[in-house]
Structure formats: C-alpha cells, structure tokens
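Written out below as structure tokens is the structure these notes cover.
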Amino acid sequence: MTAIFACLSAQNALRITHYMIDKTELKKAASLIEETGTVFVALPEEAPVDAVAAAALIAGRLTGLGKTVMVSRTNPLPPKWEFLSVKPLTSHAQIPQDVVITIDTKSSPVGELRYEKGDEALTIILSPKDKPIRVSDIKIGGEPAKADCVIVVGAETLETLGALYDKNPRLFFETPVINIDISPANNNFGEVNLVNPKARALTEISSALAKAFLPQPLSADEATLALAGILANTKNFLDGKVLPETLSLAAEAIASGAKRDLILRAVEERRPLPILQLWGRAAVRSRYDEDRGILISIITADDFIKTGTTPDAIGEVARLFETHLAPPKIFLILQHDPVSQRISAILQSRDFELAKELSHTMFGNFERGLLRLRETFPSFREAESGILATLDSLKTRTGRSNKENVPPF
0 MTAIFACLSA
10 QNALRITHYM
20 IDKTELKKAA
30 SLIEETGTVF
40 VALPEEAPVD
50 AVAAAALIAG
60 RLTGLGKTVM
70 VSRTNPLPPK
80 WEFLSVKPLT
90 SHAQIPQDVV
100 ITIDTKSSPV
110 GELRYEKGDE
120 ALTIILSPKD
130 KPIRVSDIKI
140 GGEPAKADCV
150 IVVGAETLET
160 LGALYDKNPR
170 LFFETPVINI
180 DISPANNNFG
190 EVNLVNPKAR
200 ALTEISSALA
210 KAFLPQPLSA
220 DEATLALAGI
230 LANTKNFLDG
240 KVLPETLSLA
250 AEAIASGAKR
260 DLILRAVEER
270 RPLPILQLWG
280 RAAVRSRYDE
290 DRGILISIIT
300 ADDFIKTGTT
310 PDAIGEVARL
320 FETHLAPPKI
330 FLILQHDPVS
340 QRISAILQSR
350 DFELAKELSH
360 TMFGNFERGL
370 LRLRETFPSF
380 REAESGILAT
390 LDSLKTRTGR
400 SNKENVPPF
C-alpha cells in the first residue's frame, strides 16, 4: 500500500502485533477461551465498523475452534460495508435465557400440571386444586443469561453496553470477562484486559487474540476485517501518527488477500473542494513513463495559490491518486513551494526493496507512507532529470526493472 511497508514483512507482522499487548494478559485470555465451551461476544448497540469487524474476526475464529458462540444485538452497518464478512455475528444466536413461569400457589393452588407438545406449539395446562386459578397469580420472567466467558469489544465501561448490561448485570459479574478496547478512558473492568490506547484499531487487538487461541494465518475474509478496522479508524493513514505495529498488520492483511479497494471506497470521505481542485490540476499535469513504470505529476506554485491550498495537502492528493487510479510501480510528485520557490519531490513505491533503496540513496524521510526527499531543486526539469537518473542508476546497479511484477498494493 505504502512505501513504509518496505521494512515490515508479513512474517514480522504476527510477531510485532503480539508485542502491542501485554503478553501475560494475552496468554490469560487464550487460556480462558480454551477452557470454555460457550462464549458471548458483546458490543455496544451503536458499534462502529472497527468494533464490528473485530468482533466478527473473533467470533469466526471461535467457531473454527468448535466453541458455541453467541453475540449481542447491534445496529447494522451502512450499506457501503456490505462486503465485510460479518456472518459470524449475524448467524449466531442471541444470548440465551431460561423462561420461568411462577405461580402464587397460596392464592391459586395447582392440582395438576401437564403439557401438550405439537409441531409448532407447546401448551401448558394448569388444573386448579380447590379454587380457580387467577391469571394475575401467574408471572412469566427470565433467568439470568448464561455463558462460560464474555468478550466485550469496544466498550469503555460496562454501562456503555446500554440495555444489554442493564438487563443482564449478573452475566457480567458472575462470568469471566475479556475486555478488548483501545480507549484511554477504559476502566479495565474485565478479568482479562486487552486494552492498548496506542493501537489505532480494535482489529489489531482482536487479530492478536485470534492468533493466540487459534494460531493460523489470516484468511482473506479475516484480512479484510482487520484492514477495514485500521483504514476506517486512521482515515487511510491520514489521521495522526500510525505506529509500525499498525502498518505491519495492514501489510499482512493486504498480503493475505484483503479487499483493499472496496475498503478504500467505503472509507473515502468527501474531500474539501480545494483539495479536489488541486488534485484535478495535478492529474491533468501528469504523465506516465512506461519504460520506467513511473507516474510523474507536477504541482506548481500557482496551483497552490489558485486553489487556496498549501504543500501540506500533497498527502491528500496522493491518496486521491491511489484511490481512483491503478497505482504505478513508482509515483513521483514534483511540487513548486510558493514560499521557498524551490522544487520538492515526493515518491511512493509499491516495491518494498526499491522503497528501501530510494530512502537510503536519495536521503528522504517517510511521512505517512510518502518518501519526502530532503534535496530540493531549482526547476522542474532539473528535479525530474536528477531523480530519474538516480532511479536509472539504481536499476543498473541492482539489476531491477521498474516494470517487473510486484505485490499489488
């Protein structure tokens, strides 16, 4: 997806993701799940896509482990997320409760109780003993819900679960609870607390837990769930700092067949008009170097001035190219800074090893998946010729071809 994935292999992804969570708590959770037969997965009623994806990932693995899985009722996700495999949540029963019929036999003595069971109905017959049975003396209620283990996903407190907790408080106090959350406000209400405010998505924690109790690679559906949580919460890595652990899981998910294009369409938000205008200007001033496999886009100082934007918007422009166009082997953006009057260069590559070579050879800094070169140039012509010459020398020295097959990021 981005060049920063260059230093994070899918093999390392499993190892690093586990380090995000207290290993002792993770082992306790896996051990608890191993010893239970029935697991209840609880979510807030208004659960975001990250929480739903995390719960579905766990529920699916639990089913694969032969556990009986029950889930709480949540509002459906918007139609744009219909491609997510949330069947592990919708196909399981709600939490069971015994129905209890209580009769005040002091006021309404019962002489005989019998029942008739048909194909579609069960009829319970109460015969009076010495005086009529009053309907008002018959109460119908429920026993507390039961499960061997409860996994709560994405709730800062038990009260956040709303009616589910209000109606079943004994379930949460008498049953071991595994608490999964990334909120710093979480009050660690579980017997086991898998809480990490540094994680950017609940699917990061659920993936680690799923691998802990059923060690196997992510399936394509699981990978899509994991990546959906990450991209939804980070707005496709544009919202704040993203740690290597998060990028590592994203790389693993993509390598495992995650439906990245569908996720990007779902998380794509309406961009402000100035950003779209800047992207449009960059698009019409772009050309594809087929021999090198490079898409080159130029943004002038006048583009920034007329759209009311600054070079800080380049990341958004790069994401728009990435979302709406088939990504090239290398994407090069040359921008004329209106303040310094110098030409800066930003590169993005789908080739892991080439990205590392570029960062070492061209001396750049990775910022949100984009390689920003430290060197600036006096003109677009000099910037393009200098950078292409460096790329050509890399190809000659390493024997690499920019047109060779690479992972489909």
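Reading the sequence shown from the start, the letters are residues 0 to 408 in numbering that gives the first Met the number 0. Beta carbons are placed, not taken as given, at the ideal position from N, Cα and C, and that holds for glycine.
>> Is the separation between the beta-carbon of leucine 213 and that of isoleucine 204 shorter than 8 Å?
In response: Not closer than 8 Å, so no.
Three-state secondary structure (DSSP) of proline 407: Because the pLDDT at proline 407 is just 32, under 50, the model does not fix this residue reliably, and the value given afterwards should be weighed accordingly. Here DSSP, grouped into helix, strand and coil, assigns proline 407 to coil.
Checklist entry - Is lysine 79 near the ligand HEM, in the sense that its beta carbon is under 7 Å from a heavy atom of that ligand? => result Here there are no bound small molecules, and the ligand HEM is not part of this structure.
_Cutoff 8 Å; reference glutamate 45; Cβ partners in own chain excluding five residues on either side_ = So the qualifying residues of the chain are Thr73, Asn74.
Determine, using beta carbons only, whether asparagine 195 and isoleucine 57 come nearer to each other than 8 Å. The Cβ-Cβ distance between asparagine 195 and isoleucine 57 does not fall below 8 Å.
Under the three-state DSSP convention, the category arginine 341 falls into | Of the three classes helix, strand and coil, the one that applies to arginine 341 here is coil, per DSSP.
Give the secondary structure of glutamate 289 by DSSP, where H, G and I count as helix, E and B as strand, and everything else as coil. Residue state, collapsed to three classes: coil.
- request: Let me know if valine 99 comes out buried or exposed under the rule of 16 or more other beta-carbons within 10 Å of its beta-carbon.
  value: By the 10 Å Cβ count, valine 99 comes out exposed.
Are there 16 or more other CB atoms within 10 angstroms of the CB of serine 378, so buried, or fewer, so exposed?
Result: exposed.
CA nearest to the CA of threonine 202, picked from Gln347, Ile298, Thr233: Nearest option by C-alpha distance: Thr233.
**Request:** With distances taken Cα to Cα, identify the nearest neighbour of aspartate 220 among Ala254, Asn364, Asn187, Leu242.
**Result:** Of the listed residues, the one whose Cα sits closest to aspartate 220 is Ala254.
Taking only three categories from DSSP, how would you classify threonine 360?
Threonine 360 falls in the helix class under three-state DSSP.
Q) For leucine 61, does the count of other Cβ atoms within 10 angstroms reach 16, so buried, or fall short, so exposed? A) By the 10 Å Cβ count, leucine 61 comes out buried.
Length of the line joining the Cα atoms of isoleucine 179 and asparagine 364
The straight-line gap from Cα to Cα measures roughly 34 Å.
query: Counting only runs that start and end within the stretch 23 to 83, where is the beta strand (DSSP E) found for 3 or more residues in a row?
result: Whole beta strand (DSSP E) segments, 3+ residues: 37 to 41, 67 to 70.
Original post:
Nearest to alanine 207 by alpha carbon, out of Asp391, Ala388, Ala28?
Top reply: Selected option, being the one with the closest Cα: Ala28.
Could you check if phenylalanine 4 is buried or exposed, using at least 16 other CB atoms within 10 Å of its CB as the buried criterion?
Residue placement at phenylalanine 4 is poorly supported in this model, since its pLDDT is 41, which falls under 50; the coordinates are not used for a value here.
At which residues does the alpha helix (DSSP H) containing lysine 116 begin and terminate?
Following the DSSP letters along the chain, one finds lysine 116 in no alpha helix (DSSP H) but inside the beta strand (DSSP E) bounded by residues 109 to 116.
- First and last residue of the alpha helix (DSSP H) that includes valine 283? Counting along the chain, the alpha helix (DSSP H) containing valine 283 begins and ends at 272 to 283.
Discussion item. Between Arg371, Lys22, Val109, Met361, which has its C-alpha nearest alanine 388's C-alpha?
Written reply: For the options Arg371, Lys22, Val109, Met361, the alpha carbon positioned closest to that of alanine 388 is the one of Met361.
Following the continuous beta strand (DSSP E) through aspartate 180, name the residue where it begins and the one where it ends.
-> 176 to 180 is the span of the beta strand (DSSP E), which, as asked, contains aspartate 180.
> Roughly how many whole angstroms lie between the Cα atoms of serine 247 and alanine 257?
Replying inline: Cα-Cα distance, rounded: 14 Å.
- Message: If you follow the alpha helix (DSSP H) that phenylalanine 303 is in, where does it begin and where does it stop?
- Response: Counted as a single uninterrupted DSSP element, the alpha helix (DSSP H) harbouring phenylalanine 303 occupies residues 300 to 306.
How far does the alpha helix (DSSP H) with leucine 230 in it reach, from first residue to last?
Boundaries of the alpha helix (DSSP H) around leucine 230: 219 to 233.
* Asked: Which whole-angstrom value describes the C-beta separation of alanine 317 and isoleucine 386, a residue pair presumed to lie in contact below a C-beta threshold of 8 Å?
  -> In fact, because the Cβ distance is near 16 Å, the residues do not count as touching under 8 Å.
Ordered along the chain, which non-local residues of its own chain (more than five positions away) have a Cβ less than 8 Å from that of valine 127? Looking at the sequence itself, residue 127 is proline, so the reference to valine does not match. Result list for proline 127: Ser107, Pro108, Val109, Gly110, in chain order.
Pick from Glu356, Thr122, Leu370 that is closest to serine 392, judged by C-alpha positions: It is Glu356.
Residue nearest to threonine 322 in terms of C-alpha spacing, selected from Leu261, Ile293, Val338, Thr309: Of the listed residues, the one whose Cα sits closest to threonine 322 is Leu261.
- Task: Can you tell me which of Gly189, Pro131, Thr223 puts its alpha carbon nearest to the alpha carbon of alanine 53?
- Result: Closest option to alanine 53, judged by alpha-carbon separation, among Gly189, Pro131, Thr223: Thr223.
### Buried/exposed call for threonine 23, threshold 16 Cβ in 10 Å
Its Cβ having fewer than 16 others within 10 Å, threonine 23 is exposed.
- For threonine 308, count neighbouring C-beta atoms within 10 Å of its own C-beta (all shown protein chains included) and say buried if the count is 16 or more, exposed if not. Counting Cβ neighbours within 10 Å, threonine 308 comes out buried, since at least 16 surround it.
Would you check if the distance between the CB atom of alanine 382 and the CB atom of leucine 333 is smaller than 8 Å? It is a contact, given that the beta carbons lie within the stated cut-off.
So arginine 264 is in the alpha helix (DSSP H); what residue range does that whole segment cover? Arginine 264: member of the alpha helix (DSSP H) spanning 259 to 266, first to last residue.
### Message
Going by C-alpha to C-alpha distance, which of Gln340, Lys66, Asp49 sits closest to tryptophan 80?
### Response
Of the candidates Gln340, Lys66, Asp49, the one whose C-alpha sits nearest the C-alpha of tryptophan 80 is Asp49.
Original post:
In or out: tyrosine 287 buried (at least 16 other Cβ within 10 Å) or exposed?
Top reply: It is exposed - the Cβ of tyrosine 287 has fewer than 16 other Cβ atoms within 10 Å.
- If you compare alpha carbons, which of Asn185, Val149, Asn187 is closest to phenylalanine 171? Nearest C-alpha to phenylalanine 171: Val149.
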